[in-house]
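Colleague:
The following block contains the structure:
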């Protein structure tokens, strides 16, 4: 009887304790809500004062969007609020298709420069060549233009024309071109070639939706051409879609191996990514090239292959972006890009803020910035003096790949040749 009474008392105590814990938890949640509501009241009061007293009339949506941008910007460099237009542009970038001219551009020696025109695109058909300097876009000089602004000006609706003036330094002449935009599919595999002695070379620019399929095609092409070792160039590759980076890693490691793990504040934000490739390439030596422009997805690839000793990493330390951003659409077509977790290599190494340290350090040649600025200003002044009419154009695409002047590629080739000799 006493035993039954004791058990009953224990049950009552357990119920009372559970109830009190539950009530405390509810009270804590309510306290947090009340604090949030107080902060929202402050925001609302400030918004009302701005609307009422600011010198110019304001648009409510602009104010709210501005506040959201500030809120996300205060978290970290990668979280962002995207208005509907910016969110649309992000989706276009991810899909790898947009209206444009079909050229890859960069800032070289302080000038907007064509890296390459892609074959069968409007720019290629108009006769744009590698190393052409774009000195005007729609009759505006590109002096001091940022790369982002240049891309925005060159891209647009298919069927619409954009006027560019290029300076061809080798021929000391300018060309005025009126090029009609078309749908452009971005090629993330810039090069897939055999350099010499069976050494394959793949330059991977970014990780987008179609990258994994394109990478498979490039590997198969090089295998048929006699590839027995590989240089994977991830220099200046800023990353992209996490799953696509994982799919590149799994081409070179055994099935069911850990590629990376992510850890967030919530359990659902933490996960593990395993390799699933049915026919991985396990028998060829690999060198991965990285530099301080290699970030995120590039670091996933380099870090995983380094952990499994599946590749030798060569170059300079990578950027150190080891965080994962989730895109969360909002009802009005805008979206949040929010950092939700950090990722770790198979051996548990944190990349964020640290980067991947190469096994073999090879610096890139330094650039004389003073000389660059003088040369770029000289070109602008020459174009300003000589405003020439359009000239006859040819359809030359990219010149021969001069890899022997790339110190890091040369060192990578030396390493692979040594590995092949050792394996014999």
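In my numbering, the protein residues as written are 10 to 433. All residues carry an ideal CB built from backbone N, CA and C; glycine is no exception. Note that the structure is predicted; figures quoted are calculated from it, not measured.
Do you know how far the Cα of residue 332 is from the Cα of residue 412?
Modeller: Position 403 of the chain shown, counting from 1, holds the residue named residue 412. Position 323 of the chain shown, counting from 1, holds the residue named residue 332. Between residue 412 and residue 332, the C-alpha separation is close to 33 Å.
Colleague: In whole angstroms, what is the alpha-carbon distance linking residue 281 and residue 270?
Modeller: Within the chain shown, the letter at position 272 stands for residue 281. Within the chain shown, the letter at position 261 stands for residue 270. Computed Cα separation, rounded: 4 Å.
Colleague: For a quick check, are the C-beta atoms of residue 131 and residue 342 less than 9 Å apart?
Modeller: Sequence index remark: in the chain shown, residue 131 carries index 122 (1-based). Sequence index remark: in the chain shown, residue 342 carries index 333 (1-based). It is not a contact, given that the beta carbons lie outside the stated cut-off.
Colleague: Using the rule of at least 16 other Cβ atoms within 10 Å of the residue's Cβ for burial, across every protein chain shown, is residue 9 buried or exposed?
Modeller: This structure does not reach residue 9, given that the chain is present from 10 up to 433, and the question cannot be answered.
Colleague: In angstroms, rounded to a whole number, what distance separates the CA positions of residue 253 and residue 70?
Modeller: The residue you call residue 253 lines up with position 244 of the chain shown. The residue you call residue 70 lines up with position 61 of the chain shown. C-alpha separation (whole angstroms): 36 Å.
Colleague: Looking at the unbroken beta strand (DSSP E) that takes in residue 90, where does it start and where does it end?
Modeller: For the purposes of this step, residue 90 is identified with residue 81 of the chain shown, where counting begins at 1. First-last of the beta strand (DSSP E) with residue 90: 89 to 91.
Colleague: Quick one: using the 10 Å Cβ neighbour count with 16 as the cut-off for buried, is residue 317 buried or exposed?
Modeller: Numbered from 1 along the chain shown, position 308 holds the residue referred to as residue 317. Per the 10 Å Cβ criterion, buried.
Colleague: Whole angstroms are fine: how far does the CA of residue 414 sit from the CA of residue 355?
Modeller: Residue 355 sits at position 346 when you count from the first residue of the chain shown. Residue 414 sits at position 405 when you count from the first residue of the chain shown. Each residue's alpha carbon lies about 35 Å from the other.
Colleague: How close, in whole Å, do the beta carbons of residue 471 and residue 421 come, if the pair is a contact with beta carbons under 8 Å?
Modeller: Outside the modelled stretch of the chain, which goes from 10 to 433, sits residue 471, for which no answer is possible.
Colleague: Would you list the one or two residues that DSSP bridges to residue 338?
Modeller: Residue numbering aside, residue 338 sits at position 329 when the chain shown is read from its first letter. The partner list for residue 338 (beta bridge, DSSP) reads 344.
Colleague: Which residue comes first and which comes last in the beta strand (DSSP E) that contains residue 304?
Modeller: Numbered from its first residue, the chain shown carries residue 304 at position 295. Premise fails: residue 304 is in no beta strand (DSSP E) and is neither H nor E.
Colleague: Buried or exposed, going by whether 16 or more other CB atoms sit within 10 Å of the CB of residue 91?
Modeller: The count along the chain shown starts at 1 and reaches residue 91 at position 82. Under this definition residue 91 is a buried residue.
Colleague: Take the Cβ of residue 262 as the centre, count every other Cβ of all protein chains shown within 10 Å, and call the residue buried at 16 or more, exposed below.
Modeller: Translated into the one-based positions of the chain shown, residue 262 becomes position 253. Burial call: buried.
Colleague: In whole angstroms, give me the CA-to-CA distance for residue 264 and residue 288.
Modeller: In the chain shown, the residue the question calls residue 264 occupies position 255. In the chain shown, the residue the question calls residue 288 occupies position 279. C-alpha separation (whole angstroms): 9 Å.
Colleague: Under the three-state reduction of DSSP, which class applies to residue 118: helix, strand or coil?
Modeller: Translated into the one-based positions of the chain shown, residue 118 becomes position 109. Residue 118 falls in the coil class under three-state DSSP.
Colleague: Determine the extent of the alpha helix (DSSP H) in which residue 69 is found, giving its start and end residues.
Modeller: Position 60 of the chain shown, counting from 1, holds the residue named residue 69. Counting along the chain, the alpha helix (DSSP H) containing residue 69 begins and ends at 69 to 82.
Colleague: State yes or no: is the C-beta of residue 200 within less than 9 Å of the C-beta of residue 211?
Modeller: Translated into the one-based positions of the chain shown, residue 200 becomes position 191. Translated into the one-based positions of the chain shown, residue 211 becomes position 202. It is a contact, given that the beta carbons lie within the stated cut-off.
Colleague: Would you call the stretch 162 to 174 and the stretch 134 to 151 touching, i.e. three or more CB-CB distances under 8 Å?
Modeller: Output reads yes: the stretch 134 to 151 touches the stretch 162 to 174.
Colleague: Between which two residues does the beta strand (DSSP E) harbouring residue 145 extend?
Modeller: Position 136 of the chain shown, counting from 1, holds the residue named residue 145. Start and end: 142 to 146.
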